[in-house]
Amino acid sequence: MATPSMSMDAELAAWKPFDEDADADTNWTGEEAPAFESSVEHTIPAEEAPLLYTPWQELQVAEDAKMEMAAQEARKAMTGSLYNHLRNSEIDWSIEGRYICRVVGMSCFGKKFDRRGLTVHLKGRPHLRYDAQVTPPRPQRPQTPVSAPMLPQLPARNRAVRVVMMEIDTSLSVESAMDITPPPSPLGRLGSGLVAQDQVMEDRPPTPPPSYPLDAVIPDSEAETSFGSE
């Protein structure tokens, strides 16, 4: 039996994929190798909100409500054109079935037909008469509160009231002390027609009343004394 053999060149047999004489610690550039930096960013995931536990019964009720709404919309899209002429009648789309009388208030409510029979039935006199008698509900408009307009407020007129204190001689009689005439208005006749609060007071000291000595004789009192003596 012949044994297979393969001849190989000596140079090819001496070739190796690595150099056995190379030192592992050889520094080719003369500098230390840079630190390894990873290009993948390690981000901390955000904390998710804890899931609220919902009983399966509540989830089932919510799903059933969604399915019912979808079924009503499907019935309305399929046979809604048959009820377009009944504008005032109330149509109930919650009844299961395809060609069913859905007019609320009629004796035929819930009765099954085929498409042609339902079309003829809805255009009959009973349905037309009933639709004419039904009063359509009036849409209620939302009442918006009407606010009164804000009127601009006039600024208050700042007026300084001047109070003048005047000394009165005790030797005068009561009548002469009270008989003090105010000084004439600088506005003349025009100032007499103005309101008291619109007139401007003159900033000047008041005129002192005449004073008499204590031993003086008043002419009026002397006349009365002489008349009494006669």
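Residue numbering for the sequence shown is 54 to 283, as defined by my numbering.
Backbone N, C-alpha and C fix where the C-beta goes; we use that ideal spot for every residue, glycine too.
Between the beta-carbon of S142 and the beta-carbon of V173, is there less than 9 Å? On the sequence shown, position 89 is the one that residue 142 refers to. On the sequence shown, position 120 is the one that residue 173 refers to. No.
Assign V114 to one of two classes, buried (16 or more other C-beta atoms within 10 Å of its C-beta) or exposed (fewer than that). For the purposes of this step, residue 114 is taken as the residue at position 61 of the sequence shown. Classification of V114: exposed, given that the 10 Å Cβ count is below 16.
By Cβ distance below 6 Å, which residues in the same chain neighbour K129 in space, the five residues on each side in sequence not counted? Locating residue 129 in the sequence shown gives position 76, where the first residue counts as 1. The answer, listed in chain order, is W146.
Mind checking which residues open and close the alpha helix (DSSP H) that includes T96? Translated into positions along the sequence shown, residue 96 becomes position 43. Counting along the chain, T96 falls outside any alpha helix (DSSP H), and DSSP gives it neither H nor E.
Going by DSSP, name the residue or residues bridged to I144. As a working note, residue 144 is residue 91 in the sequence shown. The partner list for I144 (beta bridge, DSSP) reads V156.
Between the Cα of S160 and the Cα atoms of D117, H138, E84, P179, which residue gives the shortest distance? In the sequence shown, the residue the question calls residue 160 occupies position 107. Nearest of D117, H138, E84, P179 to S160, Cα basis: P179.
What are the boundary residues of the alpha helix (DSSP H) that D117 is part of? On the sequence shown, residue 117 is found 64 positions in, with the first residue counted as 1. First-last of the alpha helix (DSSP H) with D117: 109-132.
Take every Cβ of the region 149-169, pair it with every Cβ of the region 122-140, and state whether three or more of those distances are shorter than 8 Å. The region 149-169 is in contact with the region 122-140.
From the DSSP output, which residues share a beta bridge with K165? In the sequence shown, residue 165 corresponds to position 112, counting from 1. Its beta-bridge partners are I153.
C-alpha distance - V93 paired with E84, whole-angstrom precision: Start at 1 with the first residue of the sequence shown, and residue 93 comes out as number 40. Start at 1 with the first residue of the sequence shown, and residue 84 comes out as number 31. Distance from the CA atom of V93 to the CA atom of E84, rounded to whole angstroms, is 26 Å.
How big is the Cα-Cα spacing for G177 and I148? As a first step, residue 177 is located in the sequence shown; it is residue number 124 there, counting from the start. As a first step, residue 148 is located in the sequence shown; it is residue number 95 there, counting from the start. Each residue's Cα considered, the two are about 22 Å apart.
Through-space distance from K164 to L175, alpha-carbon basis: For this step, residue 175 is matched to residue 122 along the sequence shown. For this step, residue 164 is matched to residue 111 along the sequence shown. Computed Cα separation, rounded: 12 Å.
In angstroms with no decimal places, state the Cα-to-Cα distance between F166 and M131. Walking along the sequence shown from the start, residue 166 turns up at place 113. Walking along the sequence shown from the start, residue 131 turns up at place 78. Going by the C-alpha atoms only, they are around 15 Å apart.
D62: first and last residue of the uninterrupted alpha helix (DSSP H) it sits in: To locate residue 62, count along the sequence shown from 1; it is residue 9. Run containing D62: none; DSSP gives neither H nor E here.
Contacting residues, own chain, Cβ-Cβ under 7 Å from P98 (five flanking each side not counted): Working through the sequence shown from its first residue, we reach residue 98 at position 45. Contacts found: none.
Roughly how many angstroms lie between the CA atoms of R140 and R182, to the nearest whole one? Along the sequence shown, read from residue 1 onward, the residue named residue 140 stands at position 87. Along the sequence shown, read from residue 1 onward, the residue named residue 182 stands at position 129. Roughly 12 Å between the two C-alpha positions.
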